[in-house]
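Read the structure below first, then the notes.
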């Protein structure tokens, strides 16, 4: 009997493509792949494949982006950060340590960034780095309320007007209380301090005159500050005034009343005139329908002066007026000074069986077919068509309101015009 020996196959030597990306190690009856750091066995366990560390953890490369590489990974850092020496992390860049971050004055580092700031009185420019002086005077015109603002680098100064004084830091203007500085500044009045000045509230009869600071007597009569009646005389006295009514007026001077000649009956107006009181006198005006100077008034004959009055009527003169006597078909107006047409068509039972047409001073009836005006001309009566022998020839005529009927005998019928009867044979011949 013959015996056979079995020998191990070195897969690594036989197949150089085994364990790509790693090292092939032959074992008895098999082999194994030793993968380097950053690699792992493929599912077939015959290859070493790269491990994607970026997909394994979200905590890699904070403040940056994880970039996978063969066997490892690196961080691509966000602006304001820099990579660690092993390039597997990101650390903040302190920009302020590098030429003060490019800031003119103050640089403040922050996580992933930095910020420039300026000293008081300066403003950061749009480039975010340089500083420019703030013109407080232009930005706030009222900053030196009560004074004039002067800008200087980094601050400002106030030059105060009269009535104000500057604060210790020269940045505000403080009101001066003149009333406390001089208690007698207003003399005959009460002092009230105001912003930058003061006001004197003078006693009755006193005022502050231009160019003075105290209260002096007011000549109410001269400046028109009195309450005397317009028909009174004003007399100035220290601190006050007096009023007295002029001749022709009565009263206390504050109120002067005119003597009303019209009311007390002392006027000389005509009985046919109106008395009109006027300041200090009166005037006379003749009443309507009369003429004259008011003291003597005569009647106006309107009918003689205007022959066109009372159209469609007769004008009758009366004292101070006139009235119209109207013709038939017309009626006087409410003031009896004109004649108005009477609309007879508005009355009942006018133009029965017809249409009423109103005319000036009269009316006209337009009768319906089959009717005619009666003798009065105010109504429509039925026309007896049967009275005309031409109607209903050869037949019996029957009159009806507004029309008539023609009754034909046997073997007759109405002709086409409907006004007579013809034999049926003749009618047949007429139709051929």
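In UniProt numbering, the protein residues as written are 1 to 432. Even for Gly, the Cβ is constructed at its ideal location relative to N, Cα and C. Remember, it's a predicted structure, so these values are computed and weren't measured experimentally.
Separation of residue j from residue i, as counted between CA atoms
i           : j           : result
residue 269 : residue 285 : 8 angstroms
residue 76  : residue 173 : 60 angstroms
residue 275 : residue 319 : 19 angstroms
residue 86  : residue 123 : 42 angstroms
residue 65  : residue 13  : 42 angstroms
residue 108 : residue 79  : 17 angstroms
residue 352 : residue 373 : 10 angstroms
residue 201 : residue 213 : 11 angstroms
residue 138 : residue 84  : 50 angstroms
residue 282 : residue 295 : 12 angstroms
residue 306 : residue 300 : 11 angstroms
residue 304 : residue 266 : 36 angstroms
residue 272 : residue 262 : 14 angstroms
residue 357 : residue 367 : 11 angstroms
residue 365 : residue 379 : 7 angstroms
residue 247 : residue 206 : 31 angstroms
residue 377 : residue 389 : 27 angstroms
residue 20  : residue 10  : 16 angstroms
residue 140 : residue 106 : 26 angstroms
residue 425 : residue 382 : 35 angstroms
residue 489 : residue 134 : Because residue 489 is not part of the residues shown, which for the chain are 1 to 432, the question remains open.
residue 413 : residue 401 : 23 angstroms
residue 418 : residue 336 : 58 angstroms
residue 416 : residue 354 : 29 angstroms
residue 97  : residue 58  : 31 angstroms
residue 237 : residue 183 : 27 angstroms
residue 264 : residue 256 : 17 angstroms
residue 410 : residue 375 : 41 angstroms
residue 44  : residue 15  : 15 angstroms
Pair within 8 angstroms by beta-carbon distance, residue i and residue j
i           : j           : result
residue 188 : residue 215 : yes
residue 438 : residue 158 : With the chain running from 1 to 432 in the structure shown, residue 438 is simply not present.
residue 92  : residue 115 : no
residue 239 : residue 245 : no
residue 420 : residue 392 : yes
residue 146 : residue 195 : yes
residue 22  : residue 71  : no
residue 17  : residue 31  : no
Cβ distance (whole Å) where residue i is taken to contact residue j below 8 angstroms
i           : j           : result
residue 385 : residue 363 : That pair is no contact at about 27 angstroms.
residue 102 : residue 129 : 5 angstroms
residue 221 : residue 232 : No, residue 221 and residue 232 are not in contact; Cβ-Cβ is about 11 angstroms, not under 8 angstroms.
residue 90  : residue 61  : 6 angstroms
residue 178 : residue 185 : 6 angstroms
residue 249 : residue 258 : 6 angstroms
Spatial neighbours of residue i in its chain, beta-carbon cut-off 7 angstroms, leaving aside the 5 residues before and after
i           : result
residue 225 : 218
residue 298 : 290, 291, 292
residue 209 : 216
residue 176 : 163, 164, 165
residue 41  : 33, 35, 48
residue 325 : 313, 314, 316
residue 228 : 234, 243, 253, 254
residue 405 : 398
Sequence-distant residues of the same chain with beta carbon closer than 8 angstroms to residue i, five excluded per side
i           : result
residue 8   : 26, 28, 29
residue 68  : 50, 52, 53, 54, 55
residue 311 : 338, 339
residue 203 : 188, 189, 215, 239
residue 81  : 63, 64, 90, 91, 92, 93, 112
residue 197 : 163, 178
Contacting residues, own chain, Cβ-Cβ under 6 angstroms from residue i (five flanking each side not counted)
i           : result
residue 396 : 407
residue 329 : 342, 361, 362
residue 73  : 53, 54, 66
residue 403 : 370
residue 104 : 130, 131
residue 125 : 132
residue 321 : 289
residue 333 : 340
residue 143 : 136, 149
residue 323 : 316, 336
Exposure label - residue i; buried when at least 16 CB within 10 Å
i           : result
residue 394 : exposed
residue 347 : exposed
residue 161 : exposed
residue 288 : exposed
residue 136 : buried
residue 127 : exposed
residue 120 : exposed
residue 280 : exposed
residue 6   : exposed
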